[in-house]
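Numbering (this note's numbering), first residue to last: 1 to 278.
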């Protein structure tokens, strides 16, 4: 596919998730036929069940790869490599992988895609605005006390909608093949500052409570996460939240020709929609 042929079929894995849903919407808006796949969707897809891959891939021109539970998880590199090989066998050449900026555990999966022979693009992002408006962390924000092991480290939060638009450009335009794109928001915010901006938008205080990683791991275990997944998440948090990602990039502007969405606008929009109402 090229910039001028946006009528192909794109497989979106993890289509019910934080980024997959946005990619599916952005791809439809750009004129693609979208095959939305997930573990519980109409098109079933499970990274850990290769028997679900062929139906999802067959007839697609390109695919967005959102690996669950995390691109750095044990087994991710092997599954990405196998999926990329099968995609090519079924005629799917263009693959765009969502990766984690600054996460060393993600490097094997990136390498597996690069070495697969597919026409690839890697899009790296850090924390999303939407981490505060959906998913596991929403209840803490809505409840007025956000507990997290981030200390006071500044983070280049990015809107998942910006990520989605960048992914769609990479799916559509062959000039992005063989490239790694790093996507951030326009400014750095600590988690405390993010809570302050959400508080201002929501009209009530939402406190940020930093905790040690091990203590947060105990909280995750209380949610029912298995011990091996808790240990992995603790390792990831320790690696990501040490300040080495505390720089912004011009990735969004370079690809989309505009500035990234701003966190304050996101906070006002979601507060007005009642996302954080008790």
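Even for Gly, the Cβ is constructed at its ideal location relative to N, Cα and C.
Keep in mind that this is a model prediction, so the values were computed, not measured.
Rank the options by C-alpha distance to the C-alpha of residue i and give the top, closest one.
i	options	result
residue 72	123, 176, 100	100
residue 234	184, 213, 142	213
residue 97	201, 88, 105, 63	63
residue 265	198, 217, 104	198
residue 76	107, 37, 122	107
residue 185	151, 83, 219, 128	128
residue 157	38, 143, 182	182
residue 243	7, 194, 153, 140	153
residue 219	148, 57, 7, 15	148
residue 248	256, 255, 260	260
residue 165	269, 59, 252, 274	252
Which same chain residues, not among the five before or five after residue i, have their C-beta less than 7 Å away from its C-beta?
i	result
residue 114	120
residue 130	18, 160
residue 135	18
residue 145	207, 209
What does the alpha-carbon distance come out to for the pair residue i and residue j?
i	j	result
residue 229	residue 111	23 Å
residue 80	residue 26	23 Å
residue 191	residue 204	17 Å
residue 258	residue 187	14 Å
residue 276	residue 21	20 Å
residue 232	residue 118	29 Å
residue 222	residue 90	42 Å
residue 50	residue 201	44 Å
residue 104	residue 238	11 Å
List the DSSP bridge partners of residue i.
i	result
residue 133	According to DSSP, residue 133 bridges with nothing at all.
residue 210	148
residue 183	125
residue 99	124
residue 9	33
residue 119	94
Establish whether the CB of residue i and some CB of chain C are separated by less than 8 Å.
i	result
residue 58	In the structure shown, chain C does not exist; there is a single protein chain.
Given residue i, which residues of its chain have a CB within under 6 Å of its CB, disregarding the five upstream and five downstream residues?
i	result
residue 176	121, 170
residue 3	With a pLDDT of only 45 at residue 3, under the threshold of 50, the placement of this residue in the model should not be trusted, and no figure is reported.
residue 168	26, 27, 30
In chain order, which continuous runs of the alpha helix (DSSP H) of length 4 or greater are located wholly inside the segment 121–175?
Along the length of the segment 121–175, whole alpha helix (DSSP H) runs at least 4 residues long occupy 138–143, 160–172, reported in chain order.
List, from N- to C-terminal side, the beta strand (DSSP E) runs of 3 residues or more that fit wholly inside the segment 31–82.
Segments of the beta strand (DSSP E) lying fully in the segment 31–82: 33–38, 62–65.
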